[in-house]
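Sequences listed follow chains F and V, in order.
Converting from the first sequence to the working numbering requires adding 918 to each position, the first position being numbered 1.
Converting from the second sequence to the working numbering requires adding 918 to each position, the first position being numbered 1.
The structure under discussion appears below in the form of structure tokens.
2 protein chains.
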Amino acid sequence: MSGTDDRYAVLVERLRKVALLESCGSVLGWDEQTYMPSGGAAHRAEQLALLAGMAHHEATDRELGDLIGELESEDLGEPGGPRAANVREARRAYDRATCLPRRLVEEISRVTTLSQQAWVTARREKDFPAFLPFLEQVVALKREEAAAIGFGDGGEPYDALLDHYEPGATSSWVDGVFSPLRAATVELLDAIRGSQVQPPVDILTRSYPLDAQREFGMAASKRIGFSFEEGRLDVAAHPFCSGFGPGDCRLTTRYDEHHFPGAFFGTMHESGHGIYEQGLDRQAFGTAMGVSCSLGIHESQSRMWENFVGRGEPFWIHLFSEAQAAFPEALGQETRERFMAAINDVRPSMIRVEADEVTYNLHIMLRFELERALIDGSLDPADVPGAWNDAFTRDFGITPADDSEGCLQDIHWSAGLLGYFPTYALGNIYAAQFFVAADRAIGPLSEQFAEGEFGSLKEWLNREIHQRGRQCRADELVEVVTGDGLSHEPLVAHLRGRFGPLYDL
Amino acid sequence: MSGTDDRYAVLVERLRKVALLESCGSVLGWDEQTYMPSGGAAHRAEQLALLAGMAHHEATDRELGDLIGELESEDLGEPGGPRAANVREARRAYDRATCLPRRLVEEISRVTTLSQQAWVTARREKDFPAFLPFLEQVVALKREEAAAIGFGDGGEPYDALLDHYEPGATSSWVDGVFSPLRAATVELLDAIRGSQVQPPVDILTRSYPLDAQREFGMAASKRIGFSFEEGRLDVAAHPFCSGFGPGDCRLTTRYDEHHFPGAFFGTMHESGHGIYEQGLDRQAFGTAMGVSCSLGIHESQSRMWENFVGRGEPFWIHLFSEAQAAFPEALGQETRERFMAAINDVRPSMIRVEADEVTYNLHIMLRFELERALIDGSLDPADVPGAWNDAFTRDFGITPADDSEGCLQDIHWSAGLLGYFPTYALGNIYAAQFFVAADRAIGPLSEQFAEGEFGSLKEWLNREIHQRGRQCRADELVEVVTGDGLSHEPLVAHLRGRFGPLYDL
């Protein structure tokens, strides 16, 4: 088996090289969103296109393909074990990459770099027409990508994009998962809207000085387990987390003096992503065992820390007095009970990243619907604002006043991330299942949180989820970790359990 | 000539690709110095080594060599013109690169990345022994590099390194330039030390709030012509300027509340570098016509804005009242005359980057002496602190209290920049010659500065120096721009002219 060992070692080395090169692009991408002066956009687009092209060149090298082919017919030890998983995922990545010409990869990189800069300005200035030419290019390129990759019987072009972020997922499968969640969400939302309870939301829009927000957010992030020796928190127009590789993971958020939840829960959310990145097996860098399982699983981690932990009573039993000390003007005279009600206010609102836990998934479903139409060609990019506003009014009963709180609110389309949105709602579903399993295994978590103890949950997640890398698919991981199949019911039960008492339902 | 045109276009495209890849490394290097969490060092070293190796691979491609060879025998238009210069410098870069094995290039990149991180800690903790293993590795690698590149008849290994930063320069040539400057410096310094004048230096160590320093420094930088639409100013352990490419140039400085000149003149200095980078012909990116002439010429630009402009009376005629408004506690009751005397205080001091204009060059000559000895093997890295302190005491009559104000003060050796230091003193010499020529051509500059007008100097530098790229060598550029040969005399005249009156000599 020595020949196999040698070949496997060469495979790992080649995969690491691709990952290392891609991680250089991550640094440049992070810089683009955080510190790059506006004049640098055109040069940055050229830099990123070159790196993307070179990484693609390495990832599609025929020798790599041959090596994978040889290893597939050899004994890699335990079926489904780490080696087998790495070879299986190397095949998957190779096959996908070889569908795409280098020209297309470079062009997508170049266009999306410029497009993200254009989006920042267009969003600020509520100017969709200025963004439209970029959106048209991005959609055309992603349609070309989808066509090059293809999709299975009975599928649709969007599946090709979706599968990149959530391996194995198809549009119709997502439809099947989302439908009962939508029905339960609408029912719960109706009940809440019929309630007489009026959460004191004015608490959240008092004066929260920016420096104090930053300090308080970082302290919370550290408390739940994000390491600032191996990471940072900066400001960006759209919050994100970028793991560069072992020992370096960057979070961003955005601050508004008169909106406490935006930066704080944004920081908790990105910290959840960061804790995942920092929890990956660093020895396995570059292979499937050293990356996240899927974006849905990634999102399950951020949503868990943001919502299941961060918006829960036990968390604030521990932290509320510190919040009062950090924001004496806003919270000094407040009670924890009123604060809890305010941060769990449920109501239709325009901005996804600031949405409550109940309406959040409706935001996702709307994007899923529009993206599918953009990719199958039935929706013209020029018609996006109208389609957005119509669908939004239908689902939420309110209409965006302008495109900055409508179709321009998210960075994703400018960044070419079509097919990504559904993973957010899948993440909520996964998170609920994982949280129940964690509580069963190492709980009661509520008692630990109330004492400021978050380490056992973090370690459980490290062991049960992060360290498994991409060894299995997301739905398989849910089964392995929880012993149950994928189901929206734990999420619905969580929502009913949290909001029923708050709204006297 | 169409075949030549085609080949030339291919050459430019290949050179641009190398430069683009190198510029990705610049972004990662800048991030390493400014924002990278300490845990990211090992991964960053791998990233930078890969990029350096890939750039080296492209830069040494045999097809590139063949292309240069073909073009050398063809008609490139005007001899010494832009095309001829680009091919000449492409040859120079290719020949140098092909002397070096990729392994060595990658290893230097990897080791110097880790070494810079170790240096930051060692400097802070005044712990030379902790840094020594890195210095040993760096010196060994640079000696290997020097041996691989070689040097001319009667030369020495150090020449191979020097030539990289200052094309055409040799150690003995530098000796010849430095000797008379040293003699004149010692004479002037003796006269100043014999003067009864005592500049009121306490002015500079009062309280200068950090935010106000940052704002005042950025305003001054903008005033002299650095564009913040195409650049930034951040904080780093050792100030530097990094031009990433067209439209993006980053400056750094470091702040000390009780030392005004450090950050301010550091910012002026780096702004001078930045104005050069921003003044390069962006159409020529990647070719010799689109890069700086030499590091000595680069330094001439930073030293000109820092000293010839920034420490001169006319600059402060315009700016002193703004400084008083920015720092009311420190300067509100001060006169411009006393402030001028303080910022032009001359006295032997430990830190090069904060040295006065007279002693500055002695700092350089000391480093030049030690570096030559490290590279020819006559000085062991372990003996650097002793050798440094002996030479320092000999030249300055004072002895560093610890290595953080001695041999650990500069980042250069940790970054592998051996052969770089002499360009600083050469820069002072060039700067004096250029400043005289500019004053003759577009002056009197002093009157313009007194009115806050710096645009005509900037435009003259853009035209006469920046836009010429690397069309000719540094000493040739001096002749072209000033009409005179290289000479230390204008610098000595400047120093006598500035410090004679201040010290009643």
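From the three backbone atoms N, C-alpha and C, an ideal C-beta is built for every residue, glycine too.
Chain V residues whose Cβ lies nearer than 9 Å to that of residue i
i                       : result
residue 1207 of chain F : None at all; the shortest Cβ gap to chain V is about 17 Å.
residue 935 of chain F  : 968
residue 1129 of chain F : The premise fails here: residue 1129 of chain F is roughly 12 Å from chain V at the closest Cβ pair, so nothing lies under 9 Å.
Where the alpha helix (DSSP H) containing residue i begins and where it ends
i                       : result
residue 1294 of chain F : 1278–1294
residue 1169 of chain F : It is not in any alpha helix (DSSP H) - residue 1169 of chain F instead sits in the beta strand (DSSP E) that spans 1166–1171.
residue 1139 of chain F : 1128–1142
residue 959 of chain V  : 959–977
residue 1412 of chain F : 1407–1420
residue 1246 of chain F : 1246–1249
residue 1004 of chain V : 1000–1016
residue 1346 of chain F : 1340–1360
residue 866 of chain V  : Residue numbering for chain V in the displayed model covers 919 to 1423; residue 866 of chain V lies beyond these limits and cannot be assessed.
residue 982 of chain V  : 980–990
residue 1258 of chain F : 1254–1261
residue 1091 of chain F : 1089–1111
residue 1366 of chain F : 1363–1368
The beta strand (DSSP E) enclosing residue i, as first and last residue numbers
i                       : result
residue 1153 of chain F : 1149–1153
residue 1161 of chain V : 1159–1163
Top-ranked residue by Cα proximity to residue i, from the options
i                       : options                        : result
residue 1196 of chain F : F:1003, F:1161, F:1215         : F:1161
residue 1247 of chain F : F:1206, F:1324, F:1127         : F:1127
residue 1282 of chain V : V:1268, V:1036, V:1294, V:1293 : V:1268
residue 1024 of chain V : V:1034, V:1326, V:975          : V:975
residue 1189 of chain F : F:1106, F:1218, F:1089, F:1404 : F:1218
residue 1191 of chain F : F:981, F:1376, F:1290, F:1028  : F:1376
residue 1228 of chain F : F:1044, F:1277, F:1416, F:939  : F:1416
residue 1216 of chain F : F:1280, F:991, F:983, F:1379   : F:1379
residue 1442 of chain V : V:1420, V:1361, V:1044         : Chain V is shown only over 919 to 1423; residue 1442 of chain V falls outside these bounds and no answer can be derived.
residue 1367 of chain V : V:1062, V:1150, V:1237, V:1123 : V:1237
residue 1275 of chain V : V:1262, V:1286, V:1418, V:1285 : V:1262
residue 939 of chain F  : F:929, F:1279, F:1150, F:966   : F:966
Cβ-based neighbour list, residue i, same chain, cut-off 6 Å, excluding 5 preceding and 5 following
i                       : result
residue 937 of chain F  : 1204
residue 919 of chain V  : The pLDDT assigned to residue 919 of chain V is 49, lower than 50, so where the model puts this residue is not dependable, and the model offers no usable value.
residue 1035 of chain V : 959
residue 1388 of chain F : 1007, 1206, 1209, 1211
residue 1185 of chain V : 1135, 1139, 1171
residue 1405 of chain V : none
residue 1412 of chain F : 1350
residue 1220 of chain F : 1187, 1190, 1191
Cβ shell of residue i (< 8 Å), same chain only, five flanking positions each side left out
i                       : result
residue 1118 of chain V : 1256, 1259, 1260
residue 1241 of chain V : 1134, 1234, 1249, 1257
residue 1277 of chain V : 1103, 1107, 1264, 1265, 1266, 1267, 1314
residue 929 of chain F  : 982, 985, 986, 989, 1004, 1005, 1008
Partners in chain F for residue i, counting only beta-carbon separations shorter than 8 Å
i                      : result
residue 960 of chain V : 1164, 1165
Closer than 9 Å at the beta carbon, the chain F residues around residue i
i                       : result
residue 972 of chain V  : 939, 972
residue 1148 of chain V : 955, 956, 957, 958
Per-residue contacts from residue i into chain V (C-beta, under 7 Å)
i                       : result
residue 946 of chain F  : 942, 945
residue 1290 of chain F : Within 7 Å Cβ-Cβ: nothing; residue 1290 of chain F doesn't reach chain V, min ~36 Å.
residue 965 of chain F  : 938, 941, 942
Partner residues on chain F for residue i, Cβ-Cβ distance less than 7 Å
i                      : result
residue 954 of chain V : 1166
residue 949 of chain V : 945, 949
Cβ shell of residue i (< 7 Å), same chain only, five flanking positions each side left out
i                       : result
residue 1307 of chain V : 1317, 1318, 1324
residue 954 of chain F  : 962
residue 970 of chain F  : 943, 1023, 1024, 1027
residue 933 of chain F  : 1008, 1204, 1205
residue 1199 of chain F : 1207, 1208, 1385, 1387
residue 1391 of chain V : 1085, 1086
9 Å Cβ cut-off: residues of chain B touching residue i
i                       : result
residue 1321 of chain V : Although the question refers to chain B, the structure presented lacks it and instead comprises the protein chains F and V.
Partner residues on chain V for residue i, Cβ-Cβ distance less than 8 Å
i                       : result
residue 981 of chain F  : Neighbours of residue 981 of chain F on chain V: none; closest Cβ ~16 Å, over 8 Å.
residue 1199 of chain F : Under the 8 Å cutoff, chain V gives no residues; its nearest Cβ is about 14 Å from residue 1199 of chain F.
Problem set entry | Runs of alpha helix (DSSP H) wholly within the segment 1179–1232 of chain F (minimum 4 residues, chain order) | 1213–1221
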